[in-house]
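Before any comments, here is the structure.
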Amino acid sequence: MEKHISIPNDKDTIEAGIDYQHKTRAVIIMHPHSLMGGNMDNPIVQVVQQTFADKGLTTVRFNFRGVGYSTGNFDDGIGEQDDLVAVVNFLKANGRHQIDLIGYSFGAWVLAHAVQKNMDYFQAMMISPPIAFMDFSEVTHIPGLKNIVTGSHDEFAPPHLIEKSLKYWNSEAKLHIIDAADHFYSAHLANIKKIITQWTES
Numbered sequence: 232m233e234k235h236i237s238i239p240n241d242k243d244t245i246e247a248g249i250d251y252q253h254k255t256r257a258v259i260i261m262h263p264h265s266l267m268g269g270n271m272d273n274p275i276v277q278v279v280q281q282t283f284a285d286k287g288l289t290t291v292r293f294n295f296r297g298v299g300y301s302t303g304n305f306d307d308g309i310g311e312q313d314d315l316v317a318v319v320n321f322l323k324a325n326g327r328h329q330i331d332l333i334g335y336s337f338g339a340w341v342l343a344h345a346v347q348k349n350m351d352y353f354q355a356m357m358i359s360p361p362i363a364f365m366d367f368s369e370v371t372h373i374p375g376l377k378n379i380v381t382g383s384h385d386e387f388a389p390p391h392l393i394e395k396s397l398k399y400w401n402s403e404a405k406l407h408i409i410d411a412a413d414h415f416y417s418a419h420l421a422n423i424k425k426i427i428t429q430w431t432e433s
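Convert by adding 231 to the 1-based position in the sequence shown; the result is the number in our numbering.
Dropping the structure here:
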């Protein structure tokens, strides 16, 4: 069962939901853009969290600074990387040392940039990294990137731009293109769940 918690982050605090299950493995899920209504209650974030929880993994979804009850202010994705580091450190302090990172939209941008700083994590997955909307030019490699998901009609994360970037991000990552889906996956949440389920069972 998911618990509502606050995670220390220097002088600020991060609002999070955590489902304590696996003793050493955990998954962190990051939400879309804070200034565009993104938060940890986003339907895609929720479906990702529930799918991993159903597989017995400890899960954390959280609000970036300035969202919900997380203190602080939006920081153009820079401070949000520190938010992710704080959540990773919290999990490690609680015995979860094998951590997977999942980012959706803006959350994928934060993930891709945070891991450039030698963050200690296990595997990663990006859902609709907004390469047509935000700058990914500083992302040179994403170690452990296993899956990228986008929709064939996603104008913020168009498949052709992601395909061009795979050789820089991680040539071994698998690109899943969901037919007829746009950036919001309104009728395609089951497809995302299926991709995650297949990944966890492989």
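Beta carbons: idealized from backbone N, C-alpha and C, even for Gly.
Computed from a prediction, not measured in an experiment: that's the story for all the values here.
Use the C-beta contact count for residue 336: other C-beta atoms within 10 angstroms, 16 or more gives buried, fewer gives exposed. Your numbering for residue 336 matches position 105 in the sequence shown. Residue 336 comes out buried.
Looking only at its chain, what residues have a beta carbon closer than 8 Å to the beta carbon of residue 420, apart from the 5 residues adjacent to it on each side? On the sequence shown, position 189 is the one that residue 420 refers to. If we look at residue 420 and ignore the five residues flanking it on each side, its Cβ neighbours are 274, 275, 278.
Host beta strand (DSSP E) of residue 239 (start-end): Start at 1 with the first residue of the sequence shown, and residue 239 comes out as number 8. Residues 233–240.
Of the residues 287, 290, 317, the one placed nearest residue 301, counting alpha carbons only: Residue numbering aside, residue 301 sits at position 70 when the sequence shown is read from its first letter. Selected option, being the one with the closest Cα: 317.
Between which residues of its own chain and residue 237 is the CB-CB distance below 6 Å, once the five residues before and five after are set aside? Against the sequence shown, residue 237 aligns to sequence position 6. Once the five neighbours on either side are set aside, the close Cβ partners of residue 237 are 244.
Grab the span of the beta strand (DSSP E) containing residue 329 for me, first residue to last. The sequence position of residue 329 within the sequence shown is 98, counting from 1. Segment 329–335, the beta strand (DSSP E) holding residue 329.
Assign residue 272 to one of two classes, buried (16 or more other C-beta atoms within 10 Å of its C-beta) or exposed (fewer than that). The residue you call residue 272 lines up with position 41 of the sequence shown. By the neighbour-count rule (16 or more Cβ atoms within 10 Å), residue 272 is not buried but exposed.
Could you tell me whether the stretch 278–294 touches the stretch 245–263, using the rule of 3 or more Cβ pairs below 8 Å? yes
Which ranges does the beta strand (DSSP E) cover as unbroken runs of at least 3 residues, wholly within the stretch 295–373, from first to last along the chain? 329–335, 354–358
Flag this pair as touching only if the stretch 411–431 and the stretch 392–399 have three or more C-beta atom pairs under 8 Å; answer yes or no. no
Can you check whether the CB of residue 363 is closer than 8 Å to the CB of residue 389? Here residue 389 refers to the residue found at position 158 of the sequence shown. Here residue 363 refers to the residue found at position 132 of the sequence shown. Closer than 8 Å, so yes.
Just grab the DSSP bridge partners of residue 286 for me. Stepping through the sequence shown from its first residue, residue 286 is reached at position 55. Paired residue(s): none; residue 286 is not in a bridge.
Have a look at residue 315 and residue 345 and give me their C-alpha separation to the nearest angstrom. Residue 315 sits at position 84 when you count from the first residue of the sequence shown. Residue 345 sits at position 114 when you count from the first residue of the sequence shown. Whole-angstrom Cα-Cα distance: 8 Å.
Tell me the DSSP secondary structure of residue 421 in three-state form. The count along the sequence shown starts at 1 and reaches residue 421 at position 190. Three-state DSSP puts residue 421 in a helix.
Tell me the rounded alpha-carbon separation between residue 406 and residue 358. The residue you call residue 406 lines up with position 175 of the sequence shown. The residue you call residue 358 lines up with position 127 of the sequence shown. Answer to the nearest angstrom: the Cα atoms are 10 Å apart.
Name the one or two DSSP bridge partners that residue 382 has. Here residue 382 refers to the residue found at position 151 when the sequence shown is read from its first residue. Answer by DSSP bridge pairing, in chain order: 409.
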